[in-house]
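Have a look at the structure below, then the notes.
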Amino acid sequence: MRISVFGEAMVEFDSDFNRSIAGDTLNVSAVTAFLGAETTYYMRIAEDIFISDYKKVFQTLPLRTYVIESSGNNGVYFIKNKDNGERLFQYYRKNSAASYLKYDDLPNDFYDCDLIFNSGITAAISETCRDAVLKTFKEAKTKGIKTAFDCNYRASLWEIEKAHAFLKELIPYIDILFLSEDDLDVLKDLKHSFTVLRKGMLGSEVSTDGESKNYPALNVQAVDTTGAGDAYAGAFLKEFMDSNDIDKAASFATKIASLQVQTKGGLPSSEIAHA
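Residue numbering for the sequence shown follows our numbering, beginning at 1015 and increasing consecutively.
Put into structure tokens, the structure is as follows:
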């Protein structure tokens, strides 16, 4: 299975100030790649002081990468963990190199895939990124390529009304829509035939054609919940695209997400490849 994704890969500092690279679309891409998909990640990266970190991290991932070199700075964020594994974030991403990505940056082979994935965070960071998300999803429909979108609403990036308006425009071109409970206010009155709602410790709920089924979370000790939703989405997509079985996909995604919360940082480790 071949997957194409573009988005913002950021410099991450965990609660112990360990440095890595992460971001919702990158995390999902890495999960699918560790699980055997041929995933290509397209991104704009600046030649700033963190460029060596990008090179080092990407050497450890089984991802194919397409880099558009950019001036300026890369986005940075810090994680502070609570005792229960939940986290607080501090972001420095305004005018990041990634936010200048535009549709014309993407090469023709972007569409040489079976699935295109993206998220509301990519759409929120700039008008050009938002335009690129919409155009790639529209084009995917004309080419018969499956699409998946994670709402991932962040109030710090855009107003809820703007996010809702964009989702309303995009939703006809989405095959699988991922949501968290925080995203429900963005969805509002919009309907979709295939939604995956992640509910944290309460597990997940998959709804198809008006019928819903709940999948309980596994009882594990959470160290850091960063990237748990991304791990779930990546694992769900890989399994569902392979098997076309929702029960298998949701159960497998739950397992992978439970592994993710037992480690620090948003980027998954190679251990999930053996799950």
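Cβ coordinates follow ideal geometry from the N, Cα and C atoms, glycine included.
When the options are compared against residue i, the one with the closest alpha-carbon
i       : options                            : result
Asp1223 : Gln1274, Ser1207, Ala1231          : Ser1207
Leu1184 : Gly1279, Ala1162, Asp1199          : Ala1162
Phe1028 : Thr1277, His1288, Asn1166          : Sequence check: residue 1028 is Asp here, not Phe. For Asp1028, the nearest C-alpha among the options comes from Thr1277.
Met1057 : Phe1048, Leu1077, Val1045, Gly1050 : Leu1077
Leu1193 : Thr1209, Ser1085, Phe1266, Gln1235 : Thr1209
Pro1230 : Ala1267, Ala1249, Gly1086, Gly1158 : Ala1267
His1178 : Tyr1187, Ile1188, Cys1165, Asp1189 : Cys1165
Leu1115 : Lys1108, Ile1082, Asn1122, Tyr1091 : Ile1082
Arg1033 : Tyr1055, Tyr1068, Ala1060, Thr1054 : Tyr1068
Lys1213 : Leu1204, Leu1232, Lys1205          : Leu1232
Phe1246 : Ser1066, Pro1121, Phe1031, Leu1211 : Note that residue 1246 is Tyr in the sequence shown, not Phe. Out of Ser1066, Pro1121, Phe1031, Leu1211, Leu1211 has the C-alpha closest to the C-alpha of Tyr1246.
Ser1085 : Tyr1167, Ala1289, Ile1065, Asn1095 : Ile1065
Gly1248 : Val1071, Met1015, Val1042, Leu1198 : Val1042
Thr1079 : Phe1124, Asp1038, Asp1118          : Phe1124
His1288 : Gly1021, Asp1038, Phe1048          : Phe1048
DSSP-derived helix/strand/coil call for residue i
i       : result
Arg1016 : strand
Ser1066 : helix
Leu1129 : strand
Thr1079 : strand
Lys1096 : coil
Ala1289 : coil
Leu1102 : strand
Ala1111 : helix
Thr1074 : coil
Glu1026 : strand
Ile1139 : coil
Ser1034 : strand
Glu1052 : strand
Ser1043 : helix
Beta-carbon separation (whole angstroms), residue i vs residue j, contact threshold 8 Å
i       : j       : result
Phe1151 : Ile1135 : Contact doesn't hold; Cβ gap of about 15 Å is too wide.
Leu1040 : Ala1023 : 4 Å
Lys1227 : Tyr1187 : Between Tyr1187 and Lys1227 the Cβ distance is about 25 Å, and since that is not below 8 Å, they are no contact.
Asp1281 : Ala1060 : Reading off the sequence, residue 1281 comes out as Leu, not Asp. About 19 Å separates the two Cβ atoms, so there is no contact after all.
Val1019 : Tyr1055 : 5 Å
Arg1101 : Asp1238 : 6 Å
Burial state of residue i (16 or more Cβ within 10 Å)
i       : result
Glu1195 : exposed
Ile1017 : buried
Ser1110 : buried
Ile1035 : buried
Ile1174 : exposed
Phe1103 : exposed
Lys1160 : buried
Met1215 : exposed
Asn1088 : buried
Asp1261 : exposed
Gln1073 : exposed
Ala1169 : exposed
Asn1122 : exposed
Leu1204 : exposed
Ser1283 : exposed
Cβ of residue i within 8 Å of any chain C Cβ
i       : result
Thr1240 : Absent from the structure: chain C. Only one protein chain is present.
(request) Would you mind listing the beta strand (DSSP E) stretches within the region 1203-1286 that are 3+ residues and don't spill past its ends, in chain order? (result) 1208-1212, 1218-1222, 1225-1229
(request) Identify every run of the alpha helix (DSSP H) within the region 1156-1198, keeping only runs that are complete inside it and at least 4 residues long; order them along the chain. (result) 1174-1184
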